[in-house]
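Asks: Here my numbering = 1-based position in the sequence shown + 39.
One structure follows; several queries about it will come next.
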Amino acid sequence: MDNKTLEDIFEGKLAKNEMIEPKDWMPDNYRKHLLRQISQHAHSEIIGMLPEGNWISRAPSLRSKLVLLAKVQDEGGHGLYLYTAAESLGTSRDEMLDALHTQKAKYSSIFNYPTLTWADIGAVGWLVDGAAIMNQVMLQRTSYGPYSRAMIRICKEESFHQRQGYEVMTHMAFGTPEQKEMAQDAMNRWWFPTLMMFGPPDIESPNSENAIKWRIKRETNDQLRQRFVNQTVEQAEYLGLTIPDPNLKWNEAKKGYDFSEPNWAEFKNVIKGNGPCNKERLEARNKAHKNGEWVRAAAAAYGKKQMEEILAA
Ligand code: BYC
Numbered sequence: 040m041d042n043k044t045l046e047d048i049f050e051g052k053l054a055k056n057e058m059i060e061p062k063d064w065m066p067d068n069y070r071k072h073l074l075r076q077i078s079q080h081a082h083s084e085i086i087g088m089l090p091e092g093n094w095i096s097r098a099p100s101l102r103s104k105l106v107l108l109a110k111v112q113d114e115g116g117h118g119l120y121l122y123t124a125a126e127s128l129g130t131s132r133d134e135m136l137d138a139l140h141t142q143k144a145k146y147s148s149i150f151n152y153p154t155l156t157w158a159d160i161g162a163v164g165w166l167v168d169g170a171a172i173m174n175q176v177m178l179q180r181t182s183y184g185p186y187s188r189a190m191i192r193i194c195k196e197e198s199f200h201q202r203q204g205y206e207v208m209t210h211m212a213f214g215t216p217e218q219k220e221m222a223q224d225a226m227n228r229w230w231f232p233t234l235m236m237f238g239p240p241d242i243e244s245p246n247s248e249n250a251i252k253w254r255i256k257r258e259t260n261d262q263l264r265q266r267f268v269n270q271t272v273e274q275a276e277y278l279g280l281t282i283p284d285p286n287l288k289w290n291e292a293k294k295g296y297d298f299s300e301p302n303w304a305e306f307k308n309v310i311k312g313n314g315p316c317n318k319e320r321l322e323a324r325n326k327a328h329k330n331g332e333w334v335r336a337a338a339a340a341y342g343k344k345q346m347e348e349i350l351a352a
């Protein structure tokens, strides 16, 4: 088949809302775009384990420790589903991890901020996972089959994560005055970095046009950010916490809140590698990878032996 016919088949599938599967023909730029987004997403999941993992040994009760442990393990699982989806596009996991470890690949800006108190664990679950779900719900209907299927499972787990965070915040906000103060302080520090998770404003987002055209993203960065703010204001009010934005105001005409733009210069600086914890995160990640070398070697040797036994039978 010539390229024009293949392209028509590809476009036809997108128009009918059908999935593109790994063995289907796809334009090179579509493949590259997906690989970039899915591998960045996978990296975010495994780097995202670090700020929360930091609190497992300091959780204030056995119950909260168990819940946090389960959540952090889930993030590791999300990384695995996503690396597998990205591998189906023809790049190996080793190559992707190498790009992460050598700072060639990005991961979400949000994980370069520190988790200073237990209230930060609540804020991360409530705000960061809340923003992640807001973005990921639409990705369940993304046009690439393996990514879409991974996202369906991830979203189920993420909604549990968001509830875990909100539960921690509820305890803190309705606890002692000191606990409430900690909750407010966490909210003050996490609010604007959370808004940055959705990416730059649409007019400055170089990837959005193709992402929407190819149905990789179904909604734009600004649309999702607005929806997140609208949803979160009421939750903050219930907790009696103040969103640290003097310009936050209901706008009847747009049926949504007006709010201040995050500091985009700070965002650019963080994704360039200069955020408060970029260095620490990469060092921890590189160290974990190196320490896990013997596990990977043992698993590969075991897998090889199993395969030899199957072939010999
Ligand atoms: N951080 O053209 P744009 C989670 C980059 S949650 C760092 O708008 P796009 C988790 C962007 O990559 C977080 N970089 O890009 C939660 C691009 O650079 P390149 C992960 C960012 O792709 C709890 C440039 O800026 N979620 O995993 O159309 C616990 C221009 O941006 C960020 C996902 O990854 C950022 N915040 O839109 C544990 C969801 N924003 O690549 C884990 C999937 C933008 O051209 N990803 N950049 O060099 C997406 O939906 C989209 O990729 C984004 C960005 C909305 C993030």
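Cβ coordinates follow ideal geometry from the N, Cα and C atoms, glycine included.
Predicted model only: the values in this text are computed from it and were never measured.
Kindly indicate which three-state DSSP category residue 289 falls into: helix, strand or coil?
Replies: The answer is strand: DSSP assigns residue 289 an E or B state.
Asks: Does the distance between the C-beta of residue 274 and the nearest non-hydrogen atom of the ligand BYC fall short of 6 angstroms?
Replies: No, the ligand BYC has no heavy atom inside 6 angstroms of this Cβ.
Asks: Ends of the alpha helix (DSSP H) at residue 295?
Replies: It is not in any alpha helix (DSSP H) - residue 295 instead sits in the beta strand (DSSP E) that spans 295 to 297.
Asks: Would you say residue 317 and residue 299 are within 7 angstroms of each other, going by their C-beta atoms?
Replies: Going by C-beta atoms, residue 317 is not nearer than 7 angstroms to residue 299.
Asks: Among 59, 109, 293, which residue has its Cα nearest to the Cα of residue 181?
Replies: That would be 59, whose Cα lies nearest to the Cα of residue 181.
Asks: Take residue 353 as the anchor and find which of 46, 342, 132, 177 has the nearest alpha-carbon.
Replies: The requested residue 353 does not occur in the structure, where the chain is confined to residues 40 to 352.
Asks: Between residue 236 and the ligand BYC, is the CB less than 6 angstroms from at least one heavy atom?
Replies: Checking every heavy atom of the ligand BYC against the Cβ of residue 236, one is found closer than 6 angstroms.
Asks: Less than 7 angstroms between the beta carbons of residue 124 and residue 185, yes or no?
Replies: Their beta carbons are under 7 angstroms apart, which means residue 124 touches residue 185 by this criterion.
Asks: What is the rounded straight-line gap between the Cα of residue 293 and the Cα of residue 283?
Replies: Cα-Cα distance, rounded: 22 angstroms.
Asks: With C-beta atoms as the reference, is residue 231 less than 7 angstroms away from residue 264?
Replies: Cβ distance not < 7 angstroms, so residue 231 and residue 264 don't count as in contact.
Asks: Using only the alpha-carbon positions, how far apart do residue 198 and residue 334 sit?
Replies: Residue 198 and residue 334: Cα-Cα distance of roughly 31 angstroms.
Asks: Which stretch, first to last residue, makes up the alpha helix (DSSP H) that contains residue 106?
Replies: That run of the alpha helix (DSSP H) goes 101 to 126.
Asks: Between the Cα of residue 323 and those of 61, 151, 225, 217, spot the shortest distance and give me the residue it belongs to.
Replies: Closest option to residue 323, Cα to Cα, is 151.
Asks: Looking at residue 92 and residue 106, is the spacing between their C-beta atoms short of 7 angstroms?
Replies: No; because the gap between Cβ atoms is not below 7 angstroms, this pair is not in contact.
Asks: Under the rule that 16 or more other beta-carbon atoms within 10 Å means buried, what is residue 223, buried or exposed?
Replies: Residue 223 should be labelled buried.
Asks: Should residue 345 go down as buried or exposed, given a rule of 16 or more other Cβ atoms within 10 Å for buried?
Replies: Its Cβ having fewer than 16 others within 10 Å, residue 345 is exposed.
Asks: What separation, rounded to the nearest whole angstrom, lies between the Cα atoms of residue 119 and residue 113?
Replies: Looking at the two C-alpha atoms, the distance is approximately 10 angstroms.
Asks: Nearest by alpha-carbon distance to residue 191: which of 49, 174, 243 is it?
Replies: With distances taken between Cα atoms, residue 191 lies closest to 174.
Asks: Considering only residues of the same chain and omitting the five flanking positions on each side of residue 315, which have a CB-CB separation below 7 angstroms?
Replies: Cβ neighbours of residue 315 beyond the five flanking positions: 151, 152, 153.
Asks: Start and end of the alpha helix (DSSP H) containing residue 89?
Replies: Element bounds for residue 89: 67 to 92.
Asks: Would you kindly check if the distance between the Cβ of residue 70 and the Cβ of residue 136 is under 7 angstroms?
Replies: In this structure, residue 70 does not lie closer than 7 angstroms to residue 136 by Cβ.
Asks: If you reduce the DSSP assignment to three classes, tell me which class residue 255 lands in.
Replies: Coil, per DSSP.
Asks: In chain order, what residues of the same chain have a beta carbon less than 7 angstroms from the beta carbon of residue 261, not counting five sequence neighbours either side?
Replies: Here the set comprises 240, 241.
Asks: Report the partner residues of residue 183 according to the DSSP bridge assignment.
Replies: Partner(s): 59.
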